[in-house]
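One structure is given below, encoded as structure tokens.
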Amino acid sequence: MSNYELLDFKIMGDARGSLIALEENHNVPFDVKRVYYIFGTKADVRRGKHAHKNLRQLAICVAGSCKFLLDNGKEKVHLELNSPTQGLLIEGVMWREMYDFSDDCVLMVLADNYYSEDDYIRNYEDFLKEAHHDS
Ligand code: T46
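Every number in our numbering is 36 more than the matching position in the sequence shown, counting from 1.
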């Protein structure tokens, strides 16, 4: 599957602890227009369940853990994010679901565009049409 990537961030650690810096067009491979974070999600909840028409996003589990299902219309992968040192880059028309959130999970997401409900594909059949058209 070509439209996702796991990125490892450089840790600036010293005796006091660790620090990671995110910089647009350096270790974040796009212009950052928006940052949001998801927290307090119940363990039995599934979030997402949509694709985007045209959005690049980088998801980082800055605390705790959660899992992602990524589906490009042909293949599905399940990934766990459980480290603030790793980011999941999602591009293209990709169905995503997030699940198995730990109680302490804080999932931070950087996006290359502002929030727009028009950019969401929330129906799976519509997603499949768009994904096959896209490939
Ligand atoms: C995604 C996954 C990883 C806003 O008003 N502004 C925003 O920037 C966002 C992201 C959401 N909202 C509103 C829309 C809904 O009323 O916040 C509410 C919850 O959003 P949603 O149900 O879309 O959240 P998730 O967790 O299902 O999906 C989110 C993102 O929406 C989505 O782009 O890829 O996280």
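Where is the CB? At the ideal position from N, CA and C, for every residue including glycine.
The C-beta distance from PHE66 to CYS102 rounds to 22 Å, too long to fall under 8 Å, and the pair is not in contact. For MET134, the closest alpha carbon among the candidates ARG52, ASP107, GLN122, LYS89 is that of ASP107. Following the DSSP letters along the chain, one finds ALA167 inside the alpha helix (DSSP H) bounded by residues 160–170. Its chain contains ASN39 as the residues whose beta carbon lies nearer than 6 Å to that of GLY128, once the 5 sequence neighbours on both sides are disregarded; these appear in chain order. The Cβ neighbour count for MET48, taken over all protein chains shown within 10 Å, is under 16; the residue is labelled exposed. By the Cβ-count criterion, GLY76 is exposed, with fewer than 16 other Cβ atoms from all chains shown falling within 10 Å of its own Cβ. Excluding the 5 residues flanking it on each side, HIS168 has same chain C-beta neighbours closer than 7 Å at GLY109, in chain order.
Secondary structure of GLU111 (DSSP, three-state): coil. Pairing LEU143 with ILE56, the inter-Cα distance amounts to about 15 Å. By a beta-carbon distance limit of 8 Å, ALA95 contacts ILE126. Their separation comes to about 7 Å. Within the same chain, ALA147, ASP148, ASN149, TYR150 come within 7 Å of LYS69 by CB-CB distance, once the 5 residues on both sides are set aside. Not a single heavy atom of the ligand T46 lies less than 7 Å from the C-beta of ALA51. Take the alpha-carbon of VAL81 and the one of ASN63: they are about 31 Å apart.
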